[in-house]
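**Q**
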Amino acid sequence: MDRKYNDLIGDMIKENDYSYEKDLPGKGKPLSKDYIQKDTFQHFQKIAKDAGYLPPWLKLQKEINLLVQEAQTEGDIKKINKQIKKHNRICPAPLQKKFVSLVHLETAKKEW
Numbered sequence: 028m029d030r031k032y033n034d035l036i037g038d039m040i041k042e043n044d045y046s047y048e049k050d051l052p053g054k055g056k057p058l059s060k061d062y063i064q065k066d067t068f069q070h071f072q073k074i075a076k077d078a079g080y081l082p083p084w085l086k087l088q089k090e091i092n093l094l095v096q097e098a099q100t101e102g103d104i105k106k107i108n109k110q111i112k113k114h115n116r117i118c119p120a121p122l123q124k125k126f127v128s129l130v131h132l133e134t135a136k137k138e139w
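For the sequence shown, our numbering gives the first residue as 28, with consecutive numbering after it.
(1) What does the alpha-carbon distance come out to for the pair Arg116 and Lys54?
(2) Does the Cβ of Leu87 have 16 or more other Cβ atoms within 10 Å, making it buried, or fewer, making it exposed?
(3) Compute the beta-carbon to beta-carbon distance between Ile107 and Leu94, rounded to the nearest angstrom, for a pair I have assumed lies under 8 Å.
(4) For Ala120, is the beta carbon positioned less than 8 Å from some heavy atom of the ligand ZN?
(5) Alpha carbon to alpha carbon, what distance is there between Ile36 and Gln110?
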């Protein structure tokens, strides 16, 4: 045994010949300005938006909007308020919505 310690990762690299000098696409080219100006979360948001991802609370908000536009009875209002309660539990606090009542249905249609 010629070493005083075990270097497992170093041994794996030597065995598998992981070379970082392979010709990779874009090697030696400068990074795009978008990449430099944005952080990781902003990159994730852009990729998710481009892929058509919507957070669950936004999907629910769209469903509630359709329900509010079609609502006519007290039973419809109860279903809508259940959905609004669920929406308010999962969405960010500043974006929470008020419950709907049959009296104020017309204003709710404008808000949603």
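All residues carry an ideal CB built from backbone N, CA and C; glycine is no exception.
**A** In short:
(1) 46 Å
(2) buried
(3) 5 Å
(4) With respect to the ligand ZN, the structure shown offers nothing to examine, as it has no ligands at all.
(5) 52 Å
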